[in-house]
Each structure stands twice: as C-alpha cells, then as structure tokens.
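Presented below is the structure to which this report refers.
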Amino acid sequence: MHGGDEVVAALAGPPQPLDWKFSQVFGERTAGEEVQEVDIISAIEFDKTGDHLATGDRGGRVVLFERTDTKDHGVSRRDLERMDYLISRHPEFRYKTEFQSHEPEFDYLKSLEIEEKINKIRWCQTANSALFLLSTNDKTIKFWKVQEKKVKKISDMNLDPSKAVGNGSIASSSNSSSPKPCLANGSSLDGSYNNLSHDFSFPPGGLPSLHLPVVTSQETNLVARCRRVYGHAHDYHINSISNNSDGETFISADDLRINLWNLEISNQSFNIVDVKPANMEDLTEVITSAEFHPTHCNMLAYSSSKGSIRLIDLRQSALCDSHAKLFEEPEAPGSRSFFTEIIASISDIKFAKDGRYILSRDYMTLKLWDINMDSGPVATFQVHEYLRPKLCDLYENDSIFDKFECCLSGDGLRVATGSYSNLFRVFGCAPGSTEATTLEASKNPMRRQVQTPSRPSRPLSSITRVVRRGTETPGVDANGNSFDFTTKLLHLAWHPTENSIACAAANSLYMYYA
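In my numbering, the protein residues as written are 1 to 514.
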C-alpha cells in the first residue's frame, strides 16, 4: 500500500472478488452433538511464515497445526522461478501437537476464580528448529518452547533369565532367539532382568555369543516445555499481548494498564501506559486492545472503549500516557442513542503488514485508518447493518458486548471479520473495490452469498450512516436467512502470504482458500 503501488493499482483497476473454497475442518461436530464449554476455541494465530497455526481454547489447551502441502513439491526452487510456476494445491495443515498451557487457579486474596481460558496466542521467533510462543489467560502469560526430542530405543541382550538354574547359573542353551519387546531408554516390559539374583555367574567356558544392548531406533517426539511464567503484573484481565519487532520484548495490556516485558526476564515489567484515574468514579474509558507496530520497535497502538485509537512512541517518555497521535471518528450530529457508546467500543485492532494502516473492529463496523491521517478512517465497512434495529434485543441478551476480532490479508488488499450465525465477511479495501463477501463457517462457505450487487465501502466524506429500513424482518439477515445470536464467529486469522483464512466456529476450526 505504498504510493507507487497505489498508482499501479488505480491504473489496473480494483482486484476481482475472490472465490472462496472450503479447504479443511478440524474438530467437526456431528449434527446434534453438544459442544463442551472447554473445547470452544478462544484464540487463533498463524506464525510469520504461515507454516504453523496455533489455537487456544477455553480449557487452557494450545493446539498446533503444521502445513504439509509446501513440503517436497518434486520441483526445485530454480525450476519454479524459471517457469513462474503457480502451485495449484491449496494450503493443507495437519495436527502437530497439543499441550496444557494454563490450569484454573484461585486468587485467595480477592476470592476470585481465574479461569484457564486462553485469551491470546502470539508466535515468537524460531531458533534451532524449535517453536516459541506466548500464551495468556486473564492473569498469567507463559512462554513455551516446542521442540522435537529424540527418544532412543534399546535392544535387549540375548540373555534369557527364564532359563537360569540353581544358584543363578545359566543353562547351556542360553542364546535366546526370541527378541524381547523393549521400551524407551532400554527398560524391559517384564522387568525380569532386574530380578536376577546377585550371585549370578556365567557358565563354564562363558557364553557362545553375548549381545550387548545397542540402540536400534530413534523416535522423535514433540515436547512442549514452559520456559518462563510472567505473572502478578496485572490487576485486571489481560486482553492483549503483542511481540515487538526487536525480537526481545513484548507488551501485555489489561483494562487500565499496558506493561512492557523482556522475554528473558519474567519477574519484572515496566508500566508504559496507565489510564487509571485517582478516583475510579472518574473512569470514562478502558483499554480494549494493544499491538506493536510490525517494523518500528518504538511504536505501538492501543484502542479504547470510546472508539478511539492512540498511537504512542516509546522514545517520547518512559510513561506514555500522552499519545503521539489520536484516531477517532467525529460523531454524526443527531445520531446519538443509548447504544452509541456501547457499539463504538473497539474490540480488536491490527496493523497492516507494512505498518501504514490500522484496522479496527467495533460492534457494527470495520474501519481502516491511515496512520498519517488522524482526521478519520479512510474506509468504513458495515459488517451486519441489518442488526441495527435489533440493538435492544442484543443488549438484553448481552450479545452487544461480544468481542469480534479482525484481520488483514498479507498484501493489504482485503480485510475480514466475523459475525453471527457462524458468518464472516471479507471486504476489498483497494481503491474502487466493491468486494463484500459473506461466507459461512461450514463445508459450503458460499451458501449464504448475497445475490444483489455489494455496496462499496463508505467514503471518508460521508459521515451519515446508511441504514436500510423496511427490509429487515425479525431474525432475518440481509440475505433472507435467519440469524442466530448463539453461534458467533469471534476468532479468525488470515495467512500472512496467501489468501487463506482460518476461523473458529465453537470447537471447530475451519480453513478456506481462494
């Protein structure tokens, strides 16, 4: 999304809408199967290469998947480049391993249960083929190392203790021809070698041939080890963690504070943002999400429940309560209602790969912000405008407080976010693009497609909200399909280099490609 790229894109016209296809599903439910609360996915994250995917769930587990379709194409890289060869196969992942990251705890000082649910996962830089990642629940962040360990298998000796006689001497036919089953590290299944008497003696003339134990095979097992625990730094629930581009530090954010950590030091953090007022009755907004800039290690952004985004520069001062830039949209006159502040709260922010744009998600919309322009968003995308007349019902059943995540494609041309009825939306954000696709997290993602032409993203100059009246009927979305507030797609992630999306529908992980 640099200036030259925008000129070329404008000349070529906006890219064509993508044709999304189902790729894979992990943990698919059968019809009528009840979902266990602990199995519901609560976090999804691709690593920087896109070769690994991690999910966290409400039961405190982290599950890792690895990509399989990029290995061994049978064509050398030089040939691929010479032929400008496009791999027709879609991205495929397989289950790699899982581990229990967090356990339920109890804070005795505050008489408060701390649930094990994974709030966020972030991949760290790999080293020596080991994978590193950070995971957090409401209070405690953990640094995990996942590595393949070789487990040696040892063959038995050819000594057969079942034929021991008298004072422990061995009968003449001591060459055991039947191999014994063996375990890791050489222990025998029956353990009988340990039962040989202490006065064991070899027969006269010795054994014809004595086989000493040898390593017969080496199996590799994936082992997850918790390297560090970063705890006791947040009084309120942690909503975000984000790695710095320097590879050494990361931030964690709760409702009122943002802390800066060094990955190597778990018992000390620096408080860099504190919005807690002297009197809590004066509290007007809380921090909802925070993320480091993808390339500038001194810059980070955080969003608030008032719908604003603050960009801060760590070079300005140690305590960054004063922001470098403030991004917020002026309120349209006469549009204020009881729900205005609730639906303005930003649930998630993401930097584009080049760091020029910030994507934010509030309850009703996605907004794209240019960090060089703080007068308002450069584009606004209506996610589920047909729910606006239902805000009262959504408030009654607490759905209005649901926190939907958002993501950008690696090339910065598209954005995506979830909605209800296990639907998610993909919008084109290139100049002139009218792409606005509705997909369902199922094996037939295009089932809920809108047949009418999609409306382009709202231009910056248009402040007034577009509300379609008279088309909504209770419980029916823009396509005439009934919607379900209990099935919501909160978590999704876009592959860093390809048009591939992973999204969570309850305990199922669906993957799509275009």
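C-beta: ideal position from N, C-alpha, C; glycine also.
Computed from a predicted model, the values in this text were never measured in an experiment.
| Item | Value |
| --- | --- |
| Who are the near neighbours of residue 303 in its chain, counting only those whose CB is closer than 7 Å to its CB and skipping five residues on each side? | 288, 289, 309, 346, 349, 360 |
| Do residue 121 and residue 137 count as a contact pair if the criterion is CB distance below 8 Å? | no |
| From 362, 394, 389, 411, pick the residue whose C-alpha is nearest to that of residue 356; which is it? | 411 |
| On the criterion of 16 or more Cβ atoms from any shown chain inside 10 Å, does residue 265 qualify as buried, or is it exposed? | exposed |
| Taking all protein chains shown into account, do 16 or more other C-beta atoms lie within 10 angstroms of the C-beta of residue 225, making it buried, or fewer, making it exposed? | exposed |
| By alpha-carbon positions, which one of 270, 15, 319, 19 ends up nearest to residue 437? | 19 |
| Beta-carbon separation of residue 428 and residue 91 under 8 Å? | no |
| Is the beta carbon of residue 65 closer than 8 Å to that of residue 21? | no |
| Are the CB atoms of residue 243 and residue 119 nearer to each other than 8 Å? | no |
| What's the C-alpha gap between residue 422 and residue 488? | 5 Å |
| Would you report the Cα separation of residue 491 and residue 44, rounded to the nearest angstrom? | 6 Å |
| If distances are taken between C-alpha atoms only, which option among 505, 370, 354 comes closest to residue 409? | 354 |
| What span of residues does the alpha helix (DSSP H) with residue 492 cover, start to end? | No alpha helix (DSSP H) contains residue 492, which is instead part of the beta strand (DSSP E) from 492-494. |
| Buried or exposed, going by whether 16 or more other CB atoms sit within 10 Å of the CB of residue 505? | buried |
| Please look up how many angstroms separate the CB atoms of residue 143 and residue 61, rounded, as I've assumed it's under 8 Å. | No, residue 143 and residue 61 are not in contact; Cβ-Cβ is about 17 Å, not under 8 Å. |
| Which residue comes first and which comes last in the beta strand (DSSP E) that contains residue 530? | Outside the modelled stretch of the chain, which goes from 1 to 514, sits residue 530, for which no answer is possible. |
| Thinking just about the alpha-carbon of each residue, which of 218, 63, 366, 358 is nearest to the one in residue 419? | 366 |
| On the DSSP letters alone, give me the boundaries of the alpha helix (DSSP H) that residue 344 sits inside. | 340-344 |
| As a quick exercise: from 216, 140, 385, 498, pick the residue whose alpha carbon is nearest that of residue 150. | 216 |
| For residue 511, count neighbouring C-beta atoms within 10 Å of its own C-beta (all shown protein chains included) and say buried if the count is 16 or more, exposed if not. | buried |
| Please work out which residues of its chain come closer than 7 Å, Cβ to Cβ, to residue 126, disregarding the five sequence neighbours upstream and downstream, and give them in chain order. | 132 |
| Based on the DSSP secondary-structure assignment, which residues constitute the bridge partners of residue 437? | 426 |
| Contact defined as beta carbons within less than 8 Å: I believe residue 41 pairs with residue 51. What is the distance between those atoms, to the nearest angstrom? | Not really, about 20 Å apart at Cβ, beyond 8 Å. |
| Rounding to the nearest angstrom, what Cα-Cα distance links residue 278 and residue 145 in this structure? | 40 Å |
| Ordered along the chain, which non-local residues of its own chain (more than five positions away) have a Cβ less than 7 Å from that of residue 399? | 485 |
| How many whole angstroms separate the CB atoms of residue 501 and residue 416, which I take to be in contact at a CB cut-off of 8 Å? | 6 Å |
| On the DSSP bridge list, what partners appear for residue 350? | 359 |
| What's the gap between the Cα of residue 301 and the Cα of residue 395? | 29 Å |
| My assumption, with CB atoms under 8 Å, is that residue 377 sits in contact with residue 329. Please give the rounded CB distance. | 6 Å |
| Going along the chain, which residues of its own chain have a beta-carbon closer than 7 Å to the beta-carbon of residue 383, five neighbours each way excluded? | 364, 365, 366, 417, 419, 425 |
| Would you list the residues sitting across from residue 523 in a DSSP beta bridge? | Residue 523 cannot be examined here, being either before or after the span of the chain that is shown, 1 to 514. |
| For a minimum of 3 consecutive residues, which ranges assigned as the beta strand (DSSP E) are wholly contained in the region 214-239? | 215-230 |
| Comparing C-alpha positions only, which one of 442, 430, 440 sits nearest to residue 17? | 430 |
| Please name the residue in 440, 307, 323 whose C-alpha comes closest to that of residue 314. | 323 |
| One question on the structure: do residue 251 and residue 319 come within less than 8 Å of each other, judged by their Cβ atoms? | no |
| Please classify residue 373: is it buried, with 16 or more other beta-carbons within 10 angstroms of its beta-carbon, or exposed? | exposed |
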